[in-house]
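In my numbering, the protein residues as written are 361 to 475.
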């Protein structure tokens, strides 16, 4: 869990078009984006999206296992709306862990600079 907390604290925002999510802010430097990255989004209403497709929480683990079965890189990026209850985010993170994902990055917004 400490590793996930550290990843959460240092992972910088990454651009993802399509789903409107109010991301929390955090310190960190932007990371380069890769084309075939997998992004899991939890919207304000609790709906979970894997890239652009909606999934129920109970089906998420099986879908992730199928996607990652033949992938050498076992990493995923999580975008959760700032208004989503903490417990929901933890349940999603647990499903990711149970699916065998070894690296979970949290996507946040940078803290606005003072002018």
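By construction, the Cβ of each residue, glycine as well, lies at the ideal position given by its N, Cα and C atoms.
Since we're looking at a predicted model, the values are computed, not measured.
8 Å Cβ cutoff met for residue i and residue j
| i | j | result |
| --- | --- | --- |
| residue 436 | residue 461 | yes |
| residue 420 | residue 466 | no |
| residue 425 | residue 459 | yes |
| residue 400 | residue 456 | yes |
DSSP-derived helix/strand/coil call for residue i
| i | result |
| --- | --- |
| residue 467 | coil |
| residue 413 | strand |
Residue i - containing beta strand (DSSP E), residue span
| i | result |
| --- | --- |
| residue 439 | 435 to 440 |
| residue 399 | 399 to 402 |
Reference residue i; option with closest CA among the options
| i | options | result |
| --- | --- | --- |
| residue 464 | 426, 441, 454 and 430 | 454 |
| residue 450 | 417, 468 and 412 | 417 |
| residue 433 | 415, 396 and 412 | 396 |
| residue 469 | 452, 448 and 442 | 442 |
Continuous alpha helix (DSSP H) stretch holding residue i: start and end
| i | result |
| --- | --- |
| residue 426 | 417 to 428 |
| residue 448 | 446 to 458 |
Supposed close pair residue i, residue j - CB separation, criterion 8 Å
| i | j | result |
| --- | --- | --- |
| residue 427 | residue 471 | Incorrect: roughly 33 Å between the Cβ atoms, too far for contact. |
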